[in-house]
Structure formats: C-alpha cells, structure tokens
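Some notes on the structure that comes next.
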Amino acid sequence: MSTARSKDDGPPTWFTSSYSNGAGGECVECARTGDGALVRDSKSTGGPVIVVRGQGWQTFIRALNKRELKGWFRDRTGSTA
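Note that this note's numbering gives residue 39 to position 39 of the sequence shown, counting from 1, and the numbers run on in steps of one.
Right, here's the structure in full:
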C-alpha cells in the first residue's frame, strides 16, 4: 500500500476524471496534496505513486485543458491521442 500523504497529511483522497466510466478501464487516479498531486494507476492502487509538485502539476493541468499535449502520447495501436 502507498505511504503517500494528502494535503492534510492524512490518507490521500483519490479521484478519477469525470470522463472515466468507472468500469475499470485504462485510467489514472489523482489525489491533491498541499504542494501538487499524487497520480497512480487505477488498476494497481497498491502500486507505485507518482508525486508531482506545485507548479509542475498546475502547468500539466493547464496544458491538458488547452489541449496543448495533443500528439505527445500514443495509444496502444500507435495512433496519437
């Protein structure tokens, strides 16, 4: 189990995107911290956790909202997402 902490130093409160259907597909879960966010694979909740600090998380979310990351990622078929 992860030992990562949330912004109130208690256990993290994990959430998924509103686009997630909750059927256990390919999704990530996030939890807010006092200085950024935690990210993990929704299918492996006891696995590794990525810690993203402050400005890096804000910049990432802003880029997602503006669709500035189009073409950076490839799906399993090799198509750009």
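In this text, a Cβ means the ideal position worked out from N, Cα and C, and glycines have one as well. From a predicted model like this one, the values you see are computed outputs, not experimental measurements.
- The three-state secondary structure of residue 53, taken from DSSP, is strand.
- Shown here for residue 39: same chain residues with a beta carbon closer than 6 Å to its own, the five before and five after excluded, namely 28, 30 and 50 in chain order.
- Linking residue 68 to residue 61 through their CA atoms gives a straight-line distance of about 10 Å.
- For residue 38, the enclosing beta strand (DSSP E) covers residues 36 to 41.
- In the displayed model, residue 33 falls within a strand according to three-state DSSP.
- With a cutoff of 8 Å on beta-carbon distance, residue 47 and residue 36 are scored as not near each other.
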